[in-house]
Amino acid sequence: MKLSNLGLMAFHQCAVSLNVTIAAGKLGITQSALSQRLAALESELGVTLFIRDPKGLILTQEGARLLRYTQSSEGLENELLDEIRGSKELGGGIRIAGFSSVLRSMIIPSLSPFLRKHTKVHADFQSYEMQELPKVLLTGRADFIILDYEMNKKGILQENLGFEEYVVIESSKYKSPEDVYLDHGPDDNATESFFHFQKKSLPYRRSFMGDVYGIIEGVEEGLGRAVMSRHLVEDNKKVKILKGYKPYKRPVTLHYYERAFYPKLFQEIVQNLKGPA
Numbered sequence: 001m002k003l004s005n006l007g008l009m010a011f012h013q014c015a016v017s018l019n020v021t022i023a024a025g026k027l028g029i030t031q032s033a034l035s036q037r038l039a040a041l042e043s044e045l046g047v048t049l050f051i052r053d054p055k056g057l058i059l060t061q062e063g064a065r066l067l068r069y070t071q072s073s074e075g076l077e078n079e080l081l082d083e084i085r086g087s088k089e090l091g092g093g094i095r096i097a098g099f100s101s102v103l104r105s106m107i108i109p110s111l112s113p114f115l116r117k118h119t120k121v122h123a124d125f126q127s128y129e130m131q132e133l134p135k136v137l138l139t140g141r142a143d144f145i146i147l148d149y150e151m152n153k154k155g156i157l158q159e160n161l162g163f164e165e166y167v168v169i170e171s172s173k174y175k176s177p178e179d180v181y182l183d184h185g186p187d188d189n190a191t192e193s194f195f196h197f198q199k200k201s202l203p204y205r206r207s208f209m210g211d212v213y214g215i216i217e218g219v220e221e222g223l224g225r226a227v228m229s230r231h232l233v234e235d236n237k238k239v240k241i242l243k244g245y246k247p248y249k250r251p252v253t254l255h256y257y258e259r260a261f262y263p264k265l266f267q268e269i270v271q272n273l274k275g276p277a
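Residues 1 to 277, numbered by full-length UniProt numbering, are exactly what the sequence shown covers, in order.
Here is the structure:
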């Protein structure tokens, strides 16, 4: 069975944007024509590729698998065109999702030299809460995700990029309440995990600051203490690191789907994130 190229193009644009209006505009066709192509492709495959939600499209498991196929095909085609044209500069798009404490401080700086060299590469960096990230990969919203643990899931490869060491901080200027700890939100378990490792009871009052940089600013202003990545605060004169705790480290791991073919861009991203061999 040979799949319709028109159907695959319609699917790919919808899967990347998760928006029918945007996808139709990219292809220069009406939304009705796009929907017809998607319906024909789903009928041909005998599966549902998208769940239609009021907030936008959601890829099904089968849709996520087909997206990996179209991405590989697109990557191979782009490489072939670059070779024919004699271009030494890579092009294409890459989507990386991670948690806030490493995305801005580690991942973007690691890839910046590569992105400056290859200006045709479009990078899409996305920040999520830790518990959201596996679903981001499973539903095809990102090519790579960064976690602080290993998923150990069949068909998903993982690379160790390093680790984060966590410390307790408080304001250098203001007296902070010792029983208040600042977290992202109710599902943020950094403080709980840290004190579980220390074999100490968890402070019972919490305040939520939205993201890691909100936490740091809250600590600077004396709103409470926080468990924080050392590399984000060790040069910050507005906070001080409290002593008396055992070193607590968590891994920083890269996850992506196993594929039969990896475009050159994909390989270069992995190598640049891992650092020199």
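Where is the CB? At the ideal position from N, CA and C, for every residue including glycine.
- Paired residues, beta bridge with Y166 - DSSP: Bridge partners of Y166: S229 and Y248.
- Taking all protein chains shown into account, do 16 or more other C-beta atoms lie within 10 angstroms of the C-beta of H255, making it buried, or fewer, making it exposed? Only buried fits H255, as 16 or more other CB atoms lie within 10 angstroms of its CB.
- Query: First and last residue of the alpha helix (DSSP H) that includes K264?
  - Reply: Taken as a continuous stretch (DSSP letters only), the alpha helix (DSSP H) holding K264 covers K264 to K274.
- Query: Curious, which full-length beta strand (DSSP E) runs of at least 3 residues does the stretch 121–165 contain?
  - Reply: For the stretch 121–165, whole beta strand (DSSP E) runs of length 3 or above, ordered along the chain, are 144–147.
- Query: How many Å lie between Y204 and V180 at the Cα?
  - Reply: Each residue's Cα considered, the two are about 7 Å apart.
- Task: Would you kindly work out how many angstroms separate the C-alpha atoms of A277 and S229, rounded to a whole number?
- Result: In this prediction, A277 scores a pLDDT of 44, lower than 50, which makes its location untrustworthy; the coordinate-derived value is nonetheless stated afterwards. Roughly 26 Å between the two C-alpha positions.
- For L265, which residues from the same chain have a beta carbon less than 7 Å from its beta carbon, with the 5 sequence-adjacent residues on both sides left out? Shown here for L265: same chain residues with a beta carbon closer than 7 Å to its own, the five before and five after excluded, namely G75, L90, G92, I94 and V121 in chain order.
- Message: Quick check: the Cα distance between A190 and E79, rounded to an integer number of angstroms?
- Response: Whole-angstrom Cα-Cα distance: 42 Å.
- Nearest CA to the CA of T70: which residue from N272, I269, Q267 and A260? Comparing Cα-Cα distances from T70 to each of N272, I269, Q267 and A260, the minimum goes to A260.
- Message: Could you check whether S171 and V102 sit closer than 9 Å to each other, using their CB atoms as the reference points?
- Response: Not in contact: V102 and S171 (Cβ atoms no closer than 9 Å).
- Query: Does the Cβ-Cβ distance between Q267 and D187 come in under 9 Å?
  - Reply: Contact flag unset, no.
- Message: With DSSP as the reference, identify every bridge partner of residue 280, one or two as the case may be.
- Response: Since the first residue shown for the chain is 1 and the last is 277, residue 280 is missing from the structure and cannot be characterised.
- Query: In whole angstroms, what is the alpha-carbon distance linking K2 and G46?
  - Reply: As the crow flies, the alpha-carbon of K2 is around 14 Å from that of G46.
- For A277, three-class secondary structure by DSSP: Note that A277 scores a pLDDT of 44, beneath 50, so its modelled location is shaky; the value from the coordinates is reported in the next line. Note: A277 maps to coil in three-state DSSP.
- Message: Need the endpoints of the beta strand (DSSP E) that R52 sits in, please.
- Response: That run of the beta strand (DSSP E) goes F50 to D53.
- Please report how far the alpha carbon of G63 lies from the alpha carbon of E234, in whole angstroms. Going from the Cα of G63 to the Cα of E234 covers about 44 Å.
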